[in-house]
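The number in this note's numbering is simply the position in the sequence shown, starting from 1, with 341 added.
Have a look at the structure below before the remarks.
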Amino acid sequence: MLTRRTRIGIIGAGNVGKTLAVALMHKGYPVVSTASRTFESAKALARLSPGCVAHPDLQGAADAADFVFITTSDDAIRPVAEAVRWREGQTVVHCSGAASLDVLESVQEYGAVPGGFHPLQTFSSVEEAVKALAGSTFGIEGDEETRKSLAALAEELGGTPIFLRPEDKALYHATVVMAGGVLNTLIGAVAELWAQFGIERNDALKAITPIMAGTAETLFKNGLPDAGAGPFVRGDVGTIRKHLDAMERQAPHLLDVYCKMALAGLHIAAEKGVAPPENIEEIRQVLTEIVER
342 MLTRRTRIGI
352 IGAGNVGKTL
362 AVALMHKGYP
372 VVSTASRTFE
382 SAKALARLSP
392 GCVAHPDLQG
402 AADAADFVFI
412 TTSDDAIRPV
422 AEAVRWREGQ
432 TVVHCSGAAS
442 LDVLESVQEY
452 GAVPGGFHPL
462 QTFSSVEEAV
472 KALAGSTFGI
482 EGDEETRKSL
492 AALAEELGGT
502 PIFLRPEDKA
512 LYHATVVMAG
522 GVLNTLIGAV
532 AELWAQFGIE
542 RNDALKAITP
552 IMAGTAETLF
562 KNGLPDAGAG
572 PFVRGDVGTI
582 RKHLDAMERQ
592 APHLLDVYCK
602 MALAGLHIAA
612 EKGVAPPENI
622 EEIRQVLTEI
632 VER
């Protein structure tokens with residue numbers, strides 16, 4: 342059970358590890374040890390949490406703690422876990438969205454307990470990530486006691502816990518990437534199209550991001566399908582045809598993306614009940630013809 346008397350260690354001193362260290366410190370949990378790929382990065386994390394000792398080796402950090410978070414890159418989790426001689430009763434938790442508990446198989450050979458604790462948040466900067474943890478969702482794996490401890494921690498950090506099965510993790514993480522990194526790619530590509538009418542990408546982003554923020558806020562407040570708006574919700578076939586014609590002439594590399602994304606969400610637009618069913622069907626046919634040609 343994780344309590345404020347539990348000695349916590351963090352292996353991996355990147356932004357995720359630093360964010361977790363600061364967040365735990367703010368809630369009164371003792372982060373007592375850390376280690377990382379370089380001793381310098383471990384010392385940088387230790388400076389953020391009074392009482393935390395940076396260790397030059399993984400074993401030292403693990404030995405000093407009862408509850409260890411592995412916050413390395415996904416590919417490093419298994420090698421890190423296998424490099425340590427764990428002890429019975431320790432809890433070892435990775436923070437990967439994609440990896441399941443199989444990457445921690447080696448910890449069980451020593452009688453330690455594995456877990457998964459993935460904050461559904463971006464970590465571009467520690468300061469912003471610490472603020473953003475409140476309101477975030479945390480994907481959790483483990484046995485019953487570990488799930489209870491990690492769920493309680495997620496709630497204490499202001500988040501919402503969800504419990505994941507091993508077979509869910511890859512799809513879960515794919516959705517996270519679609520909502521984050523893939524969205525950034527799409528918006529970047531859209532912003533670059535503005536150059537065709539004389540507006541540079543960064544200026545285009547300044548114009549586009551308020552719409553994104555407004556959309557996200559409406560989604561949060563109203564959910565789906567009520568947050569939907571625009572020509573697909575209205576069933577505005579003429580406007581959509583104009584979009585398709587313009588993109589075929591000026592952005593053919595994104596035409597297929599536009600059509601497939603529109604098709605993927607068309608049933609949600611229809612759920613709002615604004616567009617006549619025959620308009621929704623016509624839109625579906627127009628989009629499908631382009632995708633299949």
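Using N, Cα and C, we set each Cβ at its ideal position, and we do this for glycine too.
Only a predicted model underlies this, so the values are computations on that prediction, with no experimental measurement involved.
For the putative contact between Pro502 and Ala511, defined by C-beta atoms under 8 Å, what is the C-beta separation to the nearest angstrom?
Wrong, their Cβ atoms sit about 20 Å apart, outside the cutoff.
Taking the alpha-carbon of Leu474 as reference, which of Gly430, Gln400, Gln462, Leu505 has the nearest alpha-carbon?
Nearest option by C-alpha distance: Gln462.
Please state whether DSSP places Val409 in a helix, a strand or coil.
Strand at Val409.
Quick one: using the 10 Å Cβ neighbour count with 16 as the cut-off for buried, is Leu399 buried or exposed?
So Leu399 ends up on the buried side.
Going by beta carbon distance, what residues of the same chain come within less than 8 Å of Gly522, once the five residues before and after it are set aside?
Within the same chain, Gly522 has no close Cβ partners at all.
Curious, which full-length alpha helix (DSSP H) runs of at least 4 residues does the stretch 535-618 contain?
Taking only runs of at least 4 residues, the alpha helix (DSSP H) segments lying wholly in the stretch 535-618 are 542-563, 572-575, 578-591, 593-612.
DSSP beta-bridge partners for Ser374?
Per DSSP, Gly350, Val394.
Under the rule that 16 or more other beta-carbon atoms within 10 Å means buried, what is Lys368, buried or exposed?
By the neighbour-count rule (16 or more Cβ atoms within 10 Å), Lys368 is not buried but exposed.
Taking Gly483 as part of the beta strand (DSSP E), name the residues at either end of that continuous run.
First-last of the beta strand (DSSP E) with Gly483: 478-483.
Beta strand (DSSP E) containing Thr432: first to last residue?
Where Thr432 is concerned, the enclosing beta strand (DSSP E) stretches over 432-435.
So, with DSSP's three-state summary, where would you put Val425?
In the structure shown, Val425 sits in coil (DSSP, three-state: anything other than H, G, I, E or B).
Val574 and Lys613 - do their beta-carbons sit closer together than 8 Å?
For Lys613 and Val574, yes; Cβs fall inside 8 Å.
For a test of the three-state rule: what should DSSP assign to Gly457, helix, strand or coil?
Of the three classes helix, strand and coil, the one that applies to Gly457 here is strand, per DSSP.
So, with DSSP's three-state summary, where would you put Phe464?
In this structure, Phe464 counts as coil in the three-state DSSP scheme.
Tell me which residues share the same chain as Leu386 and place their Cβ nearer than 8 Å to its Cβ, disregarding the 5 neighbours each side in the sequence.
The residues are Ile351, Ala354, Gly358, Lys359, Ala362, Thr375, Ser377, Cys393, Ala395.
Please classify Thr360: does DSSP put it in a helix, a strand, or coil?
Note: Thr360 maps to helix in three-state DSSP.
Starting from Thr516, follow the alpha helix (DSSP H) in both directions and report where the run begins and ends.
Note, Thr516: alpha helix (DSSP H), 510-518.
Quick one: grab the DSSP three-state call for Thr379.
Thr379 falls in the coil class under three-state DSSP.
Would DSSP call Thr526 helix, strand or coil?
Of the three classes helix, strand and coil, the one that applies to Thr526 here is helix, per DSSP.
Classify Phe538: buried if its beta carbon has 16 or more other beta carbons within 10 angstroms, exposed otherwise.
Phe538 is exposed by the Cβ-count criterion.
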